[in-house]
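In the working numbering, the protein residues as written are -17 to 476. Glycine included, each C-beta is placed from N, C-alpha and C at the ideal position. Structure first, then comments.
Here it is, written out as structure tokens:
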């Protein structure tokens, strides 16, 4: 394994106290697991928790790749006598805990890891603003507690990845895990279209949330609980796939990226998400001004892209028309883009409620994660779609006020400035391409954020913070598995 060859990964330093402590820790975990299996109900859960923490403590790379591959899966799992339901978010906290324990054991300074850099500082300031709005200014409520725990899991995962990745081989496998995972997500979406329903496996996956599953209208959601959730997730992966497929080195990674982009575009079209389409166009604009500037690169990219759009549009039209012919409620593909449907009218009412929440608490908002709980009091007997504020900007304003909104924009802005600086000035092609992929992902988030608010979704938030982490990790590793790529630079005007 690549990490074994690095003195910083998979080693405990010179023999001595730290090795002894590590051996003692592993022995205690092993003995505790045996005792739990013998005497405690739900011992399998305890054993899994111990395994995740131990694997992350040892920097066991397959654990990290598996966690990234499984990012799209985040069902609520109810286990008897346990208050935890969002096990996907909890697992990312466990990974961070193992990494943190390793750093403490190795006596590594934590300040540079947690605090160094403008983005890290603004990220923690934003988290502090969210906590203050939800638990200091207002009494902590159930929705706020859930949202804060998810936000904490994103940040924990970000720190875990930045501490874990030490070489380009690890980075390559992380990217491959994202691409292959997304291909699998697309295949499941295609199976839904082929079967004319979400599928029995989907209803089993969300068996304890069946009351919020919408009727099948021909729009795919794959493993996500909503079609817009899938669209938002794809929009963050597709910039990475587009950037990777133009690299000149590593044929297997390039093929995976090409397949992911082609299938991802088809799946994106099948969602019929208007906000996601706008976000994708914003990403294409950035790509055409950065990594796809040359005519040859565009000619290689555009035919496959056009074919994917045509295939997706044809299948999408047929799927929604088939549902419409059966008399099931739901607009056809043509109606969604040529008329104002009921969903659009509902969102206007939601936006008005969000603005009224902000106007009522303009400084610190109503509390991070409290929008859904407060929504009915502003609208009475109104829409049934209560998933979110359907606007990233109005949600942040309503929940965290002007202070939280300013911190959020500062966090995103600081990262955008960092990524843009890497793209313009770094001589390392891998670092530059990761930076522009992240910029494309952010562009889709901010554009789709005009009509959607998906950051509270575990899969979406985790992928966004993973993009942040990949850029940070890419700035430190060698690009041994990539060939230099002559990306266009603007001539200096000085």
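Beta-carbon contacts of residue i that lie in its chain and below 7 Å, excluding the five residues immediately before and after
i: residue 190; result: 58, 60
i: residue 227; result: 236, 239, 240, 243
i: residue 414; result: 404, 405, 408, 469
i: residue 286; result: 244
i: residue 356; result: 339, 348
i: residue 146; result: 41, 46, 81
i: residue 455; result: 143, 144, 147, 153
i: residue 435; result: 370, 371, 372, 373, 374, 377
i: residue 69; result: 59
i: residue 188; result: 57, 195, 207
i: residue 384; result: 344, 345
i: residue 382; result: 111, 112, 115, 346, 347, 350
i: residue 283; result: 274
i: residue 224; result: 243, 269
i: residue 214; result: 258, 430, 434, 436, 442
i: residue 337; result: 376
Close Cβ partners of residue i (< 8 Å) along its chain, the five nearest in sequence each way excluded
i: residue 173; result: 181
i: residue 375; result: 387, 431, 432
i: residue 294; result: 247, 248, 249, 250, 251, 252
i: residue 123; result: 116, 349, 351, 352, 355
i: residue 95; result: 85, 141, 144, 145
i: residue 279; result: 228, 273
i: residue 342; result: 348
Endpoints, the alpha helix (DSSP H) within which residue i is located
i: residue 224; result: 209 to 226
i: residue 154; result: 150 to 177
i: residue 406; result: 374 to 407
i: residue 441; result: 440 to 456
i: residue 247; result: 233 to 253
i: residue 38; result: 25 to 39
i: residue 184; result: 182 to 187
i: residue 260; result: 256 to 271
i: residue 68; result: Element bounds for residue 68: n/a, residue is neither H nor E.
i: residue 413; result: 411 to 430
i: residue 348; result: No alpha helix (DSSP H) contains residue 348, which DSSP labels as neither H nor E.
i: residue 133; result: 124 to 146
i: residue 44; result: 43 to 51
6 Å Cβ shell around residue i - same chain, five flanking residues per side excluded
i: residue 390; result: 108, 378
i: residue 459; result: 149, 150, 153
i: residue 211; result: 439
i: residue 142; result: 77, 78, 81
i: residue 463; result: Its pLDDT being 44, under 50, residue 463 is placed unreliably in this model, and the value from its coordinates should be taken loosely. Contacts found: 150, 154, 232.
i: residue 140; result: 447, 450, 451
i: residue 39; result: 80, 83, 84
i: residue 159; result: 47, 50, 51
i: residue 93; result: none
i: residue 301; result: 175, 200
i: residue 329; result: 372
i: residue 290; result: 244, 247, 248
i: residue 420; result: 401, 449, 453
i: residue 423; result: 218, 221, 449
i: residue 138; result: 74, 75, 78
i: residue 106; result: none
i: residue 104; result: 392, 393, 396
Any non-hydrogen atom of the ligand MG closer than 6 Å to residue i Cβ
i: residue 66; result: No copy of the ligand MG occurs in the structure displayed, which carries no ligand at all.
* Inter-stretch contact at 8 Å, needing at least 3 Cβ pairs: the segment 70 to 82 / the segment 105 to 119 -> no
* Asked: Pairing CB atoms from the segment 146 to 166 with CB atoms from the segment 92 to 103, are three or more of them under 8 Å?
  -> no
* Length at least 4, wholly inside the segment 73 to 100: the alpha helix (DSSP H) runs in chain order -> Counting only runs of 4 or more, we get 93 to 96.
* For the segment 260 to 279 and the segment 440 to 459, state whether three or more C-beta atom pairs, one from each stretch, are separated by less than 8 Å. => no
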